[in-house]
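The structure appears below as structure tokens.
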Amino acid sequence: MENPKHLEIVEHLKDHLTVSSELENMVALFKALGDVTRVRIILALAESTLSVTELTEVLDLNQSTVSHQLSLLKQQNLVKGTRNGKNIHYELSDRHIMTIVDQVKAHVLEH
């Protein structure tokens with residue numbers, strides 16, 4: 003006979019783990035972190051606000067690659083740009099992403 007508490011937990015999980023827009027958004031965020039260039043951009047922007055030109059220099063990548071990856075990060079609200087004259091300077095939208103990155107790094111270094 004199944005434990006009634008366990009059955010209650012299973013029912014709770016069935017109700018709360020259905021595919022939702024929130025879950026889809028979480029998966030999209032993890033996909034955004036699934037590229038080395040995008041993670042490098044996030045790490046660079048964690049240190050300073052940078053223009054595309056500065057990012058290309060720091061990351062040793064071409065402008066179109068950096069711009070494309072920034073566009074994908076902007077779609078996930080991970081970075082934002084502010085126009086400064088002719089240039090747009092990018093920064094992290096907030097520090098939440100660094101909490102995730104720091105936790106992943108700690109996990110990787112642990113193993």
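For the sequence shown, the positions run 3 to 113 when the working numbering is used. The beta-carbon is built from N, C-alpha and C at its ideal position, and this holds for glycine as well.
Worksheet item: Are there 16 or more other CB atoms within 10 angstroms of the CB of Leu2, so buried, or fewer, so exposed?
Response: Because the chain is modelled from 3 through 113, residue 2 falls outside the range shown and cannot be assessed.
Discussion item. My assumption, with CB atoms under 8 angstroms, is that Glu13 sits in contact with Leu47. Please give the rounded CB distance.
Written reply: At roughly 43 angstroms, the Cβ-Cβ gap does not stay under 8 angstroms, so Glu13 and Leu47 are not in contact.
Worksheet item: Mind checking if Val21 is an interface residue toward chain D, Cβ cutoff 7 angstroms exclusive?
Response: Chain labels in this structure do not include chain D; a single protein chain is all it has.
Worksheet item: To the nearest angstrom, how far is it from the Cα of Thr51 to the Cα of Ile43?
Response: 11 angstroms
Discussion item. Applying the 10 Å Cβ sphere with the 16-neighbour rule, what's the burial state of Ile11?
Written reply: Under this definition Ile11 is an exposed residue.
Worksheet item: Between the C-alpha atoms of Leu57 and Ile90, what's the straight-line distance to the nearest angstrom?
Response: 11 angstroms
Worksheet item: Around the C-beta of Gln105, are 16 or more other C-beta atoms found within 10 angstroms, so that it is buried, or is it exposed?
Response: exposed
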